[in-house]
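The next block holds one structure in the form of structure tokens; read it before the comments.
In this note's numbering, the protein residues as written are 37 to 447.
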């Protein structure tokens, strides 16, 4: 499914990975992997508090941390001092329920994790097989459910929109971003929290045949939102979602996203992608490449969401560079004295990719300013791809109230 330019935007991002707390930090770590000792594991208690740990597995706690940060970044949670923590809660302990500031039924959740609660499921079945079901704790048993991550994110923040859990192999993360955007574009909700989480433990290491140091122990989250809903509440997108494709091979996927062999500004490659011989690589070699798994470990179902967060960091850098160049051009022009006013060339670009008015059509964003994201494996006949674009460079101090969509599940 292809979304119109600017129709669905990312308004918030969150990370819960060791050594990278922002999109730019993740991008830097990906570009220049740190040598030496591995960073300390992410401390989930510092973000969600000890009460947030109750009866939850590691992957769920990491997902809660990333989702909390994304919702804060999107300005969808109350500011400090306005949360609904119980009166007797310690002042330095985050609430175990922080409800969003918009109607809960306007927010959905799509989570992605292939291995997140594998240890719970395996230990549960082993306990039943070797002893009896009476040995199981009723408090830990819900963690064996495949949708536990998506459910806890919704419960903690009072999100009553559609709730989906994807366990879809190496493309699962990008698939989750796509389905979150599809829910928004279809009018089911106004915004969706998309979260990808994986962790390593003895069960995962044994299944994959890899050591803990090679595997991700972390999570990433995005808030994808209808552009008009974001504008109506005064929020600004950090990236716009472009076309999404799912094909049998990498070359076909890239060609569908980038017709006429166009070169994107950057390419976030599949996990541990190995360059082929000249002519066999679907993206020109001059395009910068990033593999986020080199910085955080093999990410499985969380990969696509992590790639999107890193791409947000790249777009911010590109925007800062473009802005500096624009200021330099303006200052240079001001130094030039002109005797006659010069009529603008009708065919010349204005330097802004978007129209000035709320309903004006936006010019196509040059491919060279877009981030190409791909994940999947040619051998598994599953490759997903997505383009992320810069958001419109305009702001309305008093935006008009956007009308309700007739099929939207909201009050």
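Just so you know, even glycine gets a beta-carbon here, dropped at the ideal spot from N, CA and C.
Fair warning: this is a prediction, and the values are worked out from it, not measured in the lab.
Relative to residue 323, the option among 405, 87, 411 whose CA is nearest is 405.
When C-beta atoms of the segment 67 to 84 are compared with those of the segment 264 to 274, fewer than three pairs fall below 8 Å, so the two segments do not count as touching. Under DSSP, the beta-bridge partners assigned to residue 233 are 255. In the structure shown, the three-state DSSP call for residue 324 is coil. In this structure, the alpha-carbon of residue 165 lies about 37 Å from that of residue 194. Between residue 184 and residue 106, the beta carbon gap of about 19 Å keeps them out of contact (Cβ cut-off 8 Å). Taking the Cβ atoms as the reference, residue 55 lies roughly 20 Å from residue 209, outside the contact range of under 8 Å. If you draw a straight line from the Cα of residue 422 to the Cα of residue 190, it comes to about 26 Å. Residue 138 and residue 144 have their alpha carbons spaced roughly 12 Å apart.
Contact between the segment 84 to 98 and the segment 282 to 300 is absent: fewer than three C-beta pairs spanning the two stretches fall below 8 Å.
DSSP places residue 329 in the uninterrupted alpha helix (DSSP H) bounded by 329 to 332.
By the neighbour-count criterion, in which 16 or more other beta carbons inside 10 Å mark a residue as buried, residue 280 falls on the buried side. Residue pairing of residue 301 in beta bridges, as defined by DSSP: absent, with no partner found. Non-local beta-carbon contacts of residue 284 in its own chain, meaning distances under 6 Å to residues more than five positions away in sequence, involve 417 in chain order. A distance below 8 Å separates the beta carbons of residue 262 and residue 220. In the DSSP assignment, the residues bridged to residue 418 are 413.
When 332, 258, 236 are compared, the shortest CA-CA separation from residue 246 is found for 236. Per the C-alpha coordinates, the member of 188, 182, 317 positioned closest to residue 203 is 182.
The criterion of a C-beta distance shorter than 8 Å is satisfied by residue 146 and residue 200. Listed in chain order, the non-local C-beta contacts of residue 328 below 8 Å within the same chain comprise 62, 66, 304, 335, 339, 342, 343, 346, local neighbours out to five positions each way being set aside.
An exposed status is given to residue 242, since fewer than 16 other beta-carbon atoms sit within 10 Å of its beta-carbon. Ranked by Cα distance from residue 287, the first of 424, 111, 252, 412 is 412. In this structure, residue 232 keeps its C-beta atom at 8 Å or more from the C-beta atom of residue 248.
Rounded to the nearest angstrom, the gap between the Cα atoms of residue 148 and residue 192 is 18 Å.
Beta-bridge pairing by DSSP links residue 145 to 199, 229. When beta bridges are read from the DSSP output, residue 275 appears opposite 46. Partner residues in the beta bridge of residue 280, as assigned by DSSP, are 422. Excluding five sequence positions before and after residue 187, the CB atoms of its chain that fall closer than 7 Å to its own CB belong to 199, given in chain order.
Residue state for residue 261 is assigned as strand, using DSSP reduced to three classes. Residue state for residue 294 is assigned as coil, using DSSP reduced to three classes. Looking at the DSSP output, residue 67 bridges to nothing. Under the three-state reduction of DSSP, residue 113 is assigned to coil, being neither helix nor strand. Counting along the chain, the unbroken alpha helix (DSSP H) around residue 242 starts and ends at 238 to 244.
Residue 161: member of the alpha helix (DSSP H) spanning 154 to 166, first to last residue. Within the same chain, 153, 156, 179 come within 6 Å of residue 93 by CB-CB distance, once the 5 residues on both sides are set aside.
One alpha carbon belongs to residue 253, the other to residue 228, and they sit about 23 Å apart.
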